[in-house]
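These protein sequence lines map, in sequence, to chains W and S. Heads up: the first sequence at position 365 corresponds to 431 in my numbering, and the numbers run straight through without jumps. Heads up: the second sequence at position 370 corresponds to 436 in my numbering, and the numbers run straight through without jumps. A short worksheet on the structure shown next.
Protein chains: 2
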Amino acid sequence: MNSAAICTIGDEILIGQIVDTNSSAISQALNRIGVKVETMVSIKDDRAEIIDNLRRLCDKYNVVIVTGGLGPTRDDITKDALRELSGSKSYIENEAQLEIVREFARRRGMELLDLNRLQASVPDSCTVLTNIKGTAPGMFFKIKSSNDFGESLLFSLPGVPYEMEYLLPKVINHLNESLKLEGIFHKTIMTFGIPESVLAKKIEHWELDLPEYIKLAYLPNPLTGIRLRLSVYGDKSVGCNKEIDERVRSLSDLLGEHIYGYEESTLQDEVFKLLKEKGKTLSIAESCTGGKILSLFTAIPGASDILKGGVVAYSNELKKDLLSVSDSTLVKYGAVSRECAAEMAKGVHEISKSDFSISVTGIAGPDGGSDEKPVGSVWIGFYDGVTNSERNFISTGDRIRNIERFSAEAINFLRLQLIDN
Amino acid sequence: MNSAAICTIGDEILIGQIVDTNSSAISQALNRIGVKVETMVSIKDDRAEIIDNLRRLCDKYNVVIVTGGLGPTRDDITKDALRELSGSKSYIENEAQLEIVREFARRRGMELLDLNRLQASVPDSCTVLTNIKGTAPGMFFKIKSSNDFGESLLFSLPGVPYEMEYLLPKVINHLNESLKLEGIFHKTIMTFGIPESVLAKKIEHWELDLPEYIKLAYLPNPLTGIRLRLSVYGDKSVGCNKEIDERVRSLSDLLGEHIYGYEESTLQDEVFKLLKEKGKTLSIAESCTGGKILSLFTAIPGASDILKGGVVAYSNELKKDLLSVSDSTLVKYGAVSRECAAEMAKGVHEISKSDFSISVTGIAGPDGGSDEKPVGSVWIGFYDGVTNSERNFISTGDRIRNIERFSAEAINFLRLQLIDN
Numbered sequence: 067m068n069s070a071a072i073c074t075i076g077d078e079i080l081i082g083q084i085v086d087t088n089s090s091a092i093s094q095a096l097n098r099i100g101v102k103v104e105t106m107v108s109i110k111d112d113r114a115e116i117i118d119n120l121r122r123l124c125d126k127y128n129v130v131i132v133t134g135g136l137g138p139t140r141d142d143i144t145k146d147a148l149r150e151l152s153g154s155k156s157y158i159e160n161e162a163q164l165e166i167v168r169e170f171a172r173r174r175g176m177e178l179l180d181l182n183r184l185q186a187s188v189p190d191s192c193t194v195l196t197n198i199k200g201t202a203p204g205m206f207f208k209i210k211s212s213n214d215f216g217e218s219l220l221f222s223l224p225g226v227p228y229e230m231e232y233l234l235p236k237v238i239n240h241l242n243e244s245l246k247l248e249g250i251f252h253k254t255i256m257t258f259g260i261p262e263s264v265l266a267k268k269i270e271h272w273e274l275d276l277p278e279y280i281k282l283a284y285l286p287n288p289l290t291g292i293r294l295r296l297s298v299y300g301d302k303s304v305g306c307n308k309e310i311d312e313r314v315r316s317l318s319d320l321l322g323e324h325i326y327g328y329e330e331s332t333l334q335d336e337v338f339k340l341l342k343e344k345g346k347t348l349s350i351a352e353s354c355t356g357g358k359i360l361s362l363f364t365a366i367p368g369a370s371d372i373l374k375g376g377v378v379a380y381s382n383e384l385k386k387d388l389l390s391v392s393d394s395t396l397v398k399y400g401a402v403s404r405e406c407a408a409e410m411a412k413g414v415h416e417i418s419k420s421d422f423s424i425s426v427t428g429i430a431g432p433d434g435g436s437d438e439k440p441v442g443s444v445w446i447g448f449y450d451g452v453t454n455s456e457r458n459f460i461s462t463g464d465r466i467r468n469i470e471r472f473s474a475e476a477i478n479f480l481r482l483q484l485i486d487n
Numbered sequence: 067m068n069s070a071a072i073c074t075i076g077d078e079i080l081i082g083q084i085v086d087t088n089s090s091a092i093s094q095a096l097n098r099i100g101v102k103v104e105t106m107v108s109i110k111d112d113r114a115e116i117i118d119n120l121r122r123l124c125d126k127y128n129v130v131i132v133t134g135g136l137g138p139t140r141d142d143i144t145k146d147a148l149r150e151l152s153g154s155k156s157y158i159e160n161e162a163q164l165e166i167v168r169e170f171a172r173r174r175g176m177e178l179l180d181l182n183r184l185q186a187s188v189p190d191s192c193t194v195l196t197n198i199k200g201t202a203p204g205m206f207f208k209i210k211s212s213n214d215f216g217e218s219l220l221f222s223l224p225g226v227p228y229e230m231e232y233l234l235p236k237v238i239n240h241l242n243e244s245l246k247l248e249g250i251f252h253k254t255i256m257t258f259g260i261p262e263s264v265l266a267k268k269i270e271h272w273e274l275d276l277p278e279y280i281k282l283a284y285l286p287n288p289l290t291g292i293r294l295r296l297s298v299y300g301d302k303s304v305g306c307n308k309e310i311d312e313r314v315r316s317l318s319d320l321l322g323e324h325i326y327g328y329e330e331s332t333l334q335d336e337v338f339k340l341l342k343e344k345g346k347t348l349s350i351a352e353s354c355t356g357g358k359i360l361s362l363f364t365a366i367p368g369a370s371d372i373l374k375g376g377v378v379a380y381s382n383e384l385k386k387d388l389l390s391v392s393d394s395t396l397v398k399y400g401a402v403s404r405e406c407a408a409e410m411a412k413g414v415h416e417i418s419k420s421d422f423s424i425s426v427t428g429i430a431g432p433d434g435g436s437d438e439k440p441v442g443s444v445w446i447g448f449y450d451g452v453t454n455s456e457r458n459f460i461s462t463g464d465r466i467r468n469i470e471r472f473s474a475e476a477i478n479f480l481r482l483q484l485i486d487n
């Protein structure tokens with residue numbers, strides 16, 4: 067069995083100055099080759115801390131990836147801690163890396179300082195992963211482990227994300243050479259519009275019926291709904307896809323349109339695909355979501371193929387002037403109403419000459435709302451050039467969360483309409 | 067001495083499916099009250115793992131914050147591990163939380179499942195932090211520690227960021243009550259539009275002139291610019307504000323309009339304030355940013371006081387039909403041009419009858435662009451009802467980054483125009 071630990075070194079992460087994105091990138095890469103990340107640890111630039119933690123991790127996991135703590139300044143003592151940990155006595159200067167360090171200095175018109183030069187010298191016990199993106203090389207150590215796997219493969223990488231990303235494939239290559247890699251198979255099913263507890267109840271028997279070697283995980287996400295991940299490890303993972311496909315089929319019989327996609331697809335990705343297939347265009351009229359839905363679609367490369375654009379009619383004037391929402395509707399039913407949503411969808415459809423359009427009007431909070439229309443109330447409208455359809459619901463989050471929820475629900479409503487359409 | 071550990075539980079982070087943003091938020095909050103985070107750990111939903119790690123952390127640190135692993139489904143076993151760790155024998159149902167769980171079910175028109183009901187029951191050894199944002203409550207335990215501080219304060223919080231953020235202040239309150247906290251004073255200065263190295267050079271002498279007990283930290287952020295944080299720890303922190311204020315004054319003499327605010331203010335917060343003071347309104351015309359700027363403003367509670375709304379004119383048709391951009395402009399100069407930006411700003415101003423308006427038109431990529439207008443090119447327009455002003459620049463990120471950068475630059479341009487106006 068291969069199991070890994072990821073250790074980030076440095077204060078920036080511990081004081082919350084930066085969010086650690088390296089660990090997730092590394093974990094995904096290891097996962098793909100069937101090396102399971104069992105733990106992630108962040109520790110400070112402290113010699114004893116580094117040695118204690120890496121010793122503990124090497125005794126428990128046969129792969130350890132370390133990032134950070136390799137800068138030229140004196141608060142970076144990772145390298146010497148690694149030297150001690152690996153039982154190395156001395157440093158050697160790595161010619162390839164030194165040339166790169168020289169080149170960096172040259173380009174910046176700086177003379178080569180000893181501090182810079184030191185970056186190219188490494189414990190003689192390590193294999194160097196030459197780093198052309200920065201001055202600090204990656205290092206590959208084999209560390210004695212008290213565990214029955216005898217030795218742990220430890221990689222030290224720079225903390226700068228694009229330097230780490232450059233070296234990561236080299237790490238994967240070394241692992242492929244050094245390890246007897248166990249197979250792994252993942253299938254992720256994206257669901258929406260069904261609360262975790264209801265989902266769990268709905269698929270209870272299906273879940274109990276899963277063979278022991280197929281692992282199920284619930285991965286909830288407020289915006290994308292709940293992801294169900296099926297995983298198979300080891301020999302069983304070879305040729306398990308037929309079995310998995312059947313399980314997924316019977317799952318989709320249970321969940322129907324609650325399943326909107328697979329792997330890391332999003333609701334807007336699916337709508338984008340549906341519209342491209344149909345060769346149709348979309349326009350959007352937003353009130354309380356204030357452009358959130360438009361921005362979710364425009365984040366997709368090639369969005370212009372399907373998106374004409376839209377209107378953020380935050381004020382009632384704009385609802386009237388731009389979207390031709392009638393005075394009487396606003397007076398009689400208010401801006402948060404089925405009628406207003408319908409007229410907004412129709413209005414943006416007309417000015418944009420799109421094939422389909424959606425609209426959202428609601429109360430995001432924290433203020434506003436009434437007993438009959440509390441904060442979190444929303445109406446979503448859809449118009450296909452002929453007929454209107456609407457739905458409403460109530461979200462129970464704060465302002466930001468309500469806006470996100472309204473947006474996701476609107477996109478999902480659009481998706482369902484397009485499927486039926 | 068108070069030292070803390072943050073532990074996140076759950077596979078989503080370990081397999082790299084989500085990036086852990088909670089830990090950095092928690093660390094910043096603890097930092098503000100002078101509790102130093104010494105380590106962060108991510109572990110899987112495994113009973114033994116949870117107990118071993120939390121035991122180890124409680125023996126070493128007197129504050130331990132745990133997030134995640136509290137969902138209703140069967141892969142969450144954190145709560146019972148905490149029960150065992152705290153030496154509790156039994157569960158009690160927490161009335162306040164149960165009422166919230168009931169309310170959630172009611173609002174969603176669902177019957178209350180046992181799975182939901184279980185969320186409200188907690189080990190009898192804990193103090194409940196009622197969670198109105200979700201169904202799982204926060205829990206506060208006092209765990210025996212082999213360390214000389216005797217017991218460790220352990221808080222368990224939901225992993226959903228906005229639920230965690232809601233409970234975090236309650237955690238801070240408990241820590242303030244339970245711990246003898248060292249004094250601490252922070253002042254954060256928000257800057258925009260000045261690269262870190264240039265900034266560092268500009269304030270070099272000012273920085274050298276700081277008394278030893280005032281610590282300075284650079285906190286860069288792609289969207290909000292570079293934050294400068296001044297910190298004073300210990301007895302000196304009492305009554306140091308006059309001294310700090312003077313230092314900040316001399317700093318603002320050096321940086322002028324590069325300083326846009328203090329503490330955790332954002333560019334849009336400052337624009338919101340400026341417009342409210344003036345009692346003026348805003349409208350926005352977006353092309354490549356696709357609603358991002360509108361959504362940043364509508365995320366602010368009370369946005370309707372200053373925002374009329376806007377148009378996302380993604381297609382040239384909409385630029386013409388809605389914003390009255392002239393054919394000749396599009397033909398002669400193209401959509402990404404000073405002229406188009408000016409007409410878009412004017413156009414949205416007219417239809418929305420706002421006092422001020424801004425427009426953004428550019429190429430976010432990955433496709434499109436030319437030698438003379440590469441991907442990342444953008445024009446930003448401003449109109450005050452009388453005169454237009456525009457600026458352009460080139461961003462060098464990927465699509466998402468470019469959209470964020472365009473948006474931040476546009477809002478900052480608006481801010482500078484409002485200051486001069």
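Idealized CB from N, CA, C, for every residue including glycine. All values reported here derive from a predicted model rather than from experimental measurement.
Can you grab the Cα-Cα spacing for the pair Ser353/W / Ala408/S, in whole Å? Answer to the nearest angstrom: the Cα atoms are 25 Å apart.
Are any of the Cβ atoms in chain W nearer than 9 Å to that of Val107/S? For Val107/S, the nearest beta carbon of chain W is closer than 9 Å to its own beta carbon.
Name the two residues that bound the continuous alpha helix (DSSP H) containing Phe479/S. Per DSSP, the unbroken alpha helix (DSSP H) holding Phe479/S starts and ends at 465-486.
By the 7 Å beta-carbon criterion, what residues does the stretch 163-180 of chain S contribute toward chain C? Any reference to chain C falls outside this structure, whose protein chains are W and S.
Cβ closer than 8 Å: which chain W residues qualify as neighbours of Tyr228/S? Within chain W, the residues near Tyr228/S are Pro288, Gly463, Asp464, Ile466, Arg467.
Identity of the residues DSSP links to Cys73/S by a beta bridge: Note: Cys73/S is bridge-paired with Val107/S, Val132/S in the DSSP secondary-structure output.
Going along chain S in order, which residues have a C-beta closer than 7 Å to the C-beta of Phe221/W? Result: empty, since nearest Cβ-Cβ is about 16 Å, beyond 7 Å.
Does any CB atom of chain W fall closer than 9 Å to the CB of Thr254/S? So, not an interface residue.
For Asn97/S, which residues in chain W fall below 8 Å Cβ to Cβ? Result: Ile81, Gly82.
Buried or exposed for Pro203/W, please, with buried defined as at least 16 other CB atoms from any protein chain shown within 10 angstroms of its CB. Buried, because 16 or more other Cβ atoms sit within 10 Å of the Cβ of Pro203/W.
Using a Cβ-Cβ distance under 9 Å, would Tyr380/W count as near chain S? With respect to chain S, the C-beta atom of Tyr380/W has a partner C-beta closer than 9 Å.
Are there 16 or more other CB atoms within 10 angstroms of the CB of Arg313/S, so buried, or fewer, so exposed? Burial of Arg313/S is indicated by the presence of at least 16 other C-beta atoms within 10 angstroms of its C-beta.
Name the DSSP bridge partner or partners of Tyr299/S? Partner residues in the beta bridge of Tyr299/S, as assigned by DSSP, are Ile250/S.
Just reading off the beta strand (DSSP E) that Leu220/S is part of, what are its end residues? Taken as a continuous stretch (DSSP letters only), the beta strand (DSSP E) holding Leu220/S covers 217-223.
Taking the alpha-carbon of Trp445/W as reference, which of Ala430/W, Cys192/W, Ala369/W, Glu262/W has the nearest alpha-carbon? Considering only alpha carbons, the answer is Ala430/W.
How about Cys124/W and Ser218/W: are their beta carbons less than 9 Å apart? Against a cut-off of 9 Å, the Cβ pair of Ser218/W and Cys124/W comes out as a contact.
Contact defined as beta carbons within less than 8 Å: I believe Ser361/W pairs with Gly357/S. What is the distance between those atoms, to the nearest angstrom? Right, the Cβ-Cβ distance comes to about 4 Å (below 8 Å), so this counts as a contact.
Pro189/W, enclosing alpha helix (DSSP H) - first and last residue: From DSSP, Pro189/W is part of no alpha helix (DSSP H) but of the beta strand (DSSP E) over 187-189.
Buried or exposed: which applies to Lys502/S, given that a residue is buried once 16 or more other Cβ atoms fall within 10 Å of its Cβ? The structure shown has nothing for residue 502/S, since chain S only spans 67 to 487.
According to DSSP, Val377/S sits in a beta bridge with which residue or residues? Answer is Val377/W, Ala351/S, bridged to Val377/S.
Given that Ala369/S touches chain W, what residues does it touch there, using C-beta distances under 8 Å? Contact annotation for Ala369/S against chain W: Gly356, Tyr380 [CB-CB distance below 8 Å, chain order].
Select from Pro189/W, Ile158/W, Leu223/W, Ser108/W the residue whose C-alpha is nearest the C-alpha of Glu150/W. Of Pro189/W, Ile158/W, Leu223/W, Ser108/W, the residue nearest in Cα terms is Pro189/W.
Anyone know if the C-beta pair for Ile75/W and Asp111/W falls short of 9 Å? Closer than 9 Å, so yes.
Selected residue, minimal CA-CA separation from Ser222/S, among Asn458/S, Val441/S, Gly291/S, Asp146/S: For Ser222/S, the closest C-alpha among the options Asn458/S, Val441/S, Gly291/S, Asp146/S is that of Asp146/S.
Shorter than 9 Å from the beta carbon of Phe422/S to some beta carbon of chain W? No, its Cβ sits nowhere closer than 9 Å to a Cβ of chain W.
With DSSP run on the structure shown, which of helix, strand or coil describes Glu456/S? Strand.
Exposed or buried, Tyr216/W, counting other C-beta atoms within 10 Å across all chains shown (16 or more means buried)? Note that residue 216/W corresponds to Gly in the displayed sequence, not to Tyr. It is exposed - the Cβ of Gly216/W has fewer than 16 other Cβ atoms within 10 Å.
DSSP three-state label for Thr257/W, please. When DSSP states are grouped into helix, strand and coil, Thr257/W belongs to the strand group.
Can you find the residues in the same chain that come closer than 6 Å, C-beta to C-beta, to Gly428/W, ignoring five residues on each side of it along the sequence? Correct list, in chain order: Cys354, Val402, Ser443, Val444, Phe472.
Can you tell me whether Ser244/S is helix, strand or coil according to DSSP? Three-state result, Ser244/S: helix.
Could you tell me the distance, in whole angstroms, from the CA atom of Tyr228/W to the CA atom of Ile81/W? Near 22 Å, if we compare the C-alpha coordinates of Ile81/W and Tyr228/W.
Shorter than 9 Å from the beta carbon of Phe258/W to some beta carbon of chain S? Chain S contact via Cβ: absent.
Can the beta-carbon of Leu276/W be found closer than 9 Å to that of Asn128/W? Using a Cβ distance threshold of 9 Å, Leu276/W and Asn128/W do not count as a contacting pair.
According to DSSP, is Met67/S part of a helix, a strand, or is it coil? Three-state DSSP puts Met67/S in coil, outside helix and strand.
Consider the Cβ of Arg313/W: report whether some Cβ of chain S lies at a distance smaller than 9 Å. Cβ-Cβ to chain S under 9 Å: no for Arg313/W.
Under 8 Å by Cβ, that's how I've got Leu348/S and Leu341/S pegged, so tell me the actual separation to the nearest angstrom. Yes, they are in contact, since the Cβ atoms of Leu348/S and Leu341/S sit about 6 Å apart, within 8 Å.
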